[in-house]
Amino acid sequence: MTAHTYFEEHLPLYAAGQLDGAQRAEIEIHLAGCPECRADLELWAAVSGEIHTANRPLAAPPALAEHALDQIHAPNRLTSAFLRTWQLLRVQALLVRHEMWPASALVMLMGVVVALLADRVNFIYFLAPLVAASSLAMLYGPENDAAMELSLATPTSPWKILLARLSVVSGYNLLLSLGATLLLLFIAPPGLLGTIILGWLGPLTFLSALALLLSIWLGTNQAIAVAYGLWLLQYIPFAAIGPWLDSPGLASAMAVYRQFWQSPLLLLLLSLFLIGLALWSANRPVFRLTSTPS
Amino acid sequence: MISYAVSNAITEKRPWPIAMAEPEYNVELMRRIAAREDMALCELYAAYGQRLYAYALRLTNEPALAEDIVQDALVIVWRTAGRYRGEGRLAAWLLGIVHHTAIKAMRHRSIPISDEMVTGLPAPTDSPETQTQANQQAQWVRDGLQSLSPEHRAVLELVFYQGLSLDETAKVCNCPLGTVKSRLSYARQHLRGILSRQNVEEWR
Numbered sequence: 216m217t218a219h220t221y222f223e224e225h226l227p228l229y230a231a232g233q234l235d236g237a238q239r240a241e242i243e244i245h246l247a248g249c250p251e252c253r254a255d256l257e258l259w260a261a262v263s264g265e266i267h268t269a270n271r272p273l274a275a276p277p278a279l280a281e282h283a284l285d286q287i288h289a290p291n292r293l294t295s296a297f298l299r300t301w302q303l304l305r306v307q308a309l310l311v312r313h314e315m316w317p318a319s320a321l322v323m324l325m326g327v328v329v330a331l332l333a334d335r336v337n338f339i340y341f342l343a344p345l346v347a348a349s350s351l352a353m354l355y356g357p358e359n360d361a362a363m364e365l366s367l368a369t370p371t372s373p374w375k376i377l378l379a380r381l382s383v384v385s386g387y388n389l390l391l392s393l394g395a396t397l398l399l400l401f402i403a404p405p406g407l408l409g410t411i412i413l414g415w416l417g418p419l420t421f422l423s424a425l426a427l428l429l430s431i432w433l434g435t436n437q438a439i440a441v442a443y444g445l446w447l448l449q450y451i452p453f454a455a456i457g458p459w460l461d462s463p464g465l466a467s468a469m470a471v472y473r474q475f476w477q478s479p480l481l482l483l484l485l486s487l488f489l490i491g492l493a494l495w496s497a498n499r500p501v502f503r504l505t506s507t508p509s
Numbered sequence: 154m155i156s157y158a159v160s161n162a163i164t165e166k167r168p169w170p171i172a173m174a175e176p177e178y179n180v181e182l183m184r185r186i187a188a189r190e191d192m193a194l195c196e197l198y199a200a201y202g203q204r205l206y207a208y209a210l211r212l213t214n215e216p217a218l219a220e221d222i223v224q225d226a227l228v229i230v231w232r233t234a235g236r237y238r239g240e241g242r243l244a245a246w247l248l249g250i251v252h253h254t255a256i257k258a259m260r261h262r263s264i265p266i267s268d269e270m271v272t273g274l275p276a277p278t279d280s281p282e283t284q285t286q287a288n289q290q291a292q293w294v295r296d297g298l299q300s301l302s303p304e305h306r307a308v309l310e311l312v313f314y315q316g317l318s319l320d321e322t323a324k325v326c327n328c329p330l331g332t333v334k335s336r337l338s339y340a341r342q343h344l345r346g347i348l349s350r351q352n353v354e355e356w357r
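Going down the list, the sequences are from chains P and Z.
Counted the way the numbering used here counts, the first sequence spans residues 216 to 509.
Counted the way the numbering used here counts, the second sequence spans residues 154 to 357.
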């Protein structure tokens, strides 16, 4: 004799039509003599009927598979961030003043030719920061960007636009200077390569950052004038101009000043600070508006 | 003996065959999904969408949430299709994913699965005089099902509508077989209690 609990457990399956012939027959025999199980069976049948009735009008919601596929094929967040950055860099590279690209390259090339002819490696130290500074002074502001108003109306914040242009143009300047340095290996021993790069890298970065910041604050022309002035100052032979400038105090001050331009680490740190200041300034409309079209 | 209505319900034609060997077609379908074939996922949804949605709706009682759950489940199916090798019925495997997704979604929305839901009885519907006795019965069963927790409703839906065995139900709900049995037993007592309180004489 099978226990009553056995039938109790199997009644739902019987009501769901899940039992085979032998099991069904076994249950039906028990049902005939067990009013409690008959009541249970009616209950399960009612539950089964209700669930089927409720589900019958249900249809699969349309296009859920398509939505799932959209979700599956959507680029994940990291990829889309890279994609957006790439687009920003590409668009901003197109918006930078076009004449800047060939002009910088041409000046640099001429410098290299002169250095090669004169057999003077040091010429690259002198030239690279100047080329870079002037290109960065023309990077930003209404006088340099016909689409400035349009750019500012987009959801991309000004500092991101500035950073994008800074990256593109500085990358270009670095490549130019590296290319020029490699050409100089015709007249310099290869062992000096690292020293030469380190020689112009610090001044180039600092002068670029300074020119960028001043162009945002004062305007392009003023930025170029100040940056060039500061750079050329170290090359002025004061003692040779006249005896009234030949003082020990001025000479030692100039020595310190020249030393400043030869400290790559200090220059790079100062550059970082200036770039941060420039990016912050780009978001301040007050600073932006001071450079009016000339 | 078994009344006509009951035997009718038992022998009722089901929308899909119960406990059959998994057809080669389904294994092939899952292989195509694992091979990243978009059409295969659409075919799977055409074949199983209604069942999966019905199950999600039974658990949540919210059509919008149920849709989200099925969509999320399809995304999981896409990612894990390679793990299905035809060792069990595809329907059970898919329902297991919907179950998991639904439980997670409901926990996220912090819908309490509490005693309140189990014991809180909905008010009887109005004007019983105007309803036929059969309608009243159906309404009480409907209310009784609503007053069960999602876990108990899940077991009933899987056994009575989805045609799953108790073992398969346990796998879908990710619980031991004994728990499925005790949930069925609890549901029976709970529904009986409601029906007897509603003074339905013949179910005493």
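Glycine residues also receive a C-beta, built at the ideal position from the N, C-alpha and C atoms.
Computed from a predicted model, the values in this text were never measured in an experiment.
Asked                                                                                                                           : Found
P:Ile-339 to P:Ala-438 span [Cα, whole Å]                                                                                       : 22 Å
Residue range of the unbroken alpha helix (DSSP H) whose run includes P:Trp-459                                                 : P:Trp-459 -> no alpha helix (DSSP H), and no H or E assigned at all.
Residue span of the alpha helix (DSSP H) that contains P:Arg-335, given as start and end                                        : Looking at the DSSP string, P:Arg-335 is not in any alpha helix (DSSP H), and its letter there is neither H nor E.
Sequence ranges, beta strand (DSSP E) only - wholly within the segment 208 to 272 of chain Z, length at least 3                 : none
Below-9 Å beta-carbon distance, Z:Gly-235 vs any chain P residue                                                                : no
Beta-carbon separation (whole angstroms), Z:Leu-194 vs Z:Leu-227, contact threshold 8 Å                                         : 6 Å
Terminal residues of the alpha helix (DSSP H) in which Z:Asp-320 lies                                                           : 319 to 326
CB of P:Val-328 within 9 Å of CB of P:Ser-350, strictly                                                                         : no
CA-to-CA distance, P:Gln-302 to P:Gln-474, given in whole angstroms                                                             : 41 Å
Contact check, P:Ala-512 vs P:Arg-380, beta carbons under 9 Å                                                                   : This structure leaves residue 512 of chain P out entirely; chain P is present only between 216 and 509.
Start-to-end residues for the alpha helix (DSSP H) that takes in Z:Met-183                                                      : 177 to 187
Segment limits, alpha helix (DSSP H) that includes P:Leu-393                                                                    : 373 to 399
Burial state of P:Trp-476, where buried means 16 or more other Cβ atoms lie within 10 Å                                         : buried
Cutoff 7 Å; reference Z:Leu-182; Cβ partners in own chain excluding five residues on either side                                : Ala-193, Glu-196 and Leu-197
Chain-order list of residues whose beta-carbon lies under 8 Å from that of P:Leu-354 (same chain, five-residue window excluded) : Val-311, Leu-377, Arg-380, Leu-381, Val-384, Leu-427 and Ser-430
DSSP three-state assignment for Z:Leu-274, whether helix, strand or coil                                                        : Summary for Z:Leu-274: the model assigns pLDDT 46, below 50, so the residue's position carries little reliability, and this model does not support an answer.
Min CB distance Z:Glu-240 to chain P below 9 Å                                                                                  : no
Residues from the segment 249 to 280 of chain P in contact with chain Z, defined by Cβ distance under 8 Å                       : Arg-253, Ala-254, Asp-255, Leu-256, Glu-257, Leu-258, Trp-259, Ala-260, Ala-261, Val-262, Ser-263, Gly-264, Glu-265, Ile-266, His-267, Thr-268, Ala-269, Asn-270, Leu-273, Ala-274, Ala-275, Pro-276, Leu-279 and Ala-280
Given 8 Å, three or more beta-carbon pairs between the segment 209 to 229 of chain Z and the segment 303 to 311 of chain Z      : yes
Interface flag, Z:Ala-276 vs chain P, CB-CB below 9 Å                                                                           : Confidence at Z:Ala-276 is low in this model, with a pLDDT of 47, below 50, so the placement of that residue should be treated as unreliable; the coordinate-derived value is given next. Judged by the 9 Å Cβ criterion, Z:Ala-276 is not in contact with chain P.
Status (buried if at least 16 other CB within 10 Å, exposed otherwise) for Z:Arg-204                                            : buried
Any chain P beta carbon closer than 9 Å to Z:Cys-195                                                                            : yes
Beta-carbon contacts of Z:Asp-191 that lie in its chain and below 6 Å, excluding the five residues immediately before and after : none
Three-state secondary structure (DSSP) of Z:Tyr-198                                                                             : helix
DSSP-derived helix/strand/coil call for P:Gly-491                                                                               : helix
Enclosing alpha helix (DSSP H) for P:Gln-302 [first to last residue]                                                            : 292 to 310
Helix, strand or coil at P:Leu-447 according to DSSP, with G and I counted as helix                                             : helix
Residues from the segment 308 to 321 of chain Z in contact with chain P, defined by Cβ distance under 8 Å                       : Leu-309, Glu-310, Val-312, Phe-313, Tyr-314, Gly-316, Ser-318 and Leu-319
Cβ contact (3+ pairs, closer than 8 Å) linking the segment 256 to 269 of chain P and the segment 225 to 236 of chain P          : yes
Chain Z contact residues for P:Glu-224, given Cβ-Cβ distances below 9 Å                                                         : Leu-319, Lys-334, Leu-337 and Ser-338
Inter-residue spacing [alpha-carbon to alpha-carbon] between P:Gly-444 and P:Met-323                                            : 19 Å
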